[in-house]
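Going by our numbering, the first residue of the sequence shown is number 207, and it counts up by one from there.
Structure first, commentary second.
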Amino acid sequence: MALVPYEEEAAGPRQLHSPWATFHFASRTIRLQQDWRRLGVAAVVWDAAVVLCAYLEMGGIDLRDRSVIELGAGTGLLGIVVTLL
Ligand SMILES: C[S@@+](CC[C@H](N)C(=O)[O-])C[C@H]1O[C@@H](n2cnc3c(N)ncnc32)[C@H](O)[C@@H]1O
Numbered sequence: 207m208a209l210v211p212y213e214e215e216a217a218g219p220r221q222l223h224s225p226w227a228t229f230h231f232a233s234r235t236i237r238l239q240q241d242w243r244r245l246g247v248a249a250v251v252w253d254a255a256v257v258l259c260a261y262l263e264m265g266g267i268d269l270r271d272r273s274v275i276e277l278g279a280g281t282g283l284l285g286i287v288v289t290l291l
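Structure, rendered in structure tokens:
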């Protein structure tokens, strides 16, 4: 585990400040709007969501005929990808 101090004034992780985040999953391009300055952690895509999307796309869990609910969806990437898969 790592603790990474984040300073707003420093350059910081660029992807959090980008107004758009684009991903390619399930043969589709998914473009999500982000707003770190106004809404903070709830309005940016977290790396954990991207990693889980990649895992699911690889067939890590059989999603056929399953009902899935995403809690704390944020920008909704995971729910979108699960629906596409
Ligand atoms: C760290 S963000 C992660 C967002 C998204 N899962 C991702 O990976 O990009 C945590 C999310 O949980 C939501 N959240 C926090 N507490 C919650 C609660 N009690 N019920 C539902 N969502 C909650 C926040 O609004 C935020 O969108």
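Glycine included, each C-beta is placed from N, C-alpha and C at the ideal position.
{"Asked": "Short check: CB of VAL250 to CB of LEU222, under 9 Å?", "Found": "yes"}
{"Asked": "CB GLU198 to CB GLY285, shorter than 9 Å?", "Found": "A query on residue 198 cannot be resolved here, the shown segment of the chain reaching from 207 to 291 and no further."}
{"Asked": "Can you look up ARG237 in the DSSP assignment and give me helix, strand or coil?", "Found": "strand"}
{"Asked": "To the nearest angstrom, report how far apart ALA232 and ALA208 are at their CA atoms.", "Found": "31 Å"}
{"Asked": "Is it buried or exposed, LEU281, if we count other Cβ atoms within 10 angstroms and call 16 or more buried?", "Found": "What sits at residue 281 in the sequence shown is Thr, not Leu. The residue is buried, with at least 16 neighbouring Cβ atoms inside 10 Å."}
{"Asked": "Return the bridge partner residues of TRP226 from the DSSP annotation.", "Found": "GLN239"}
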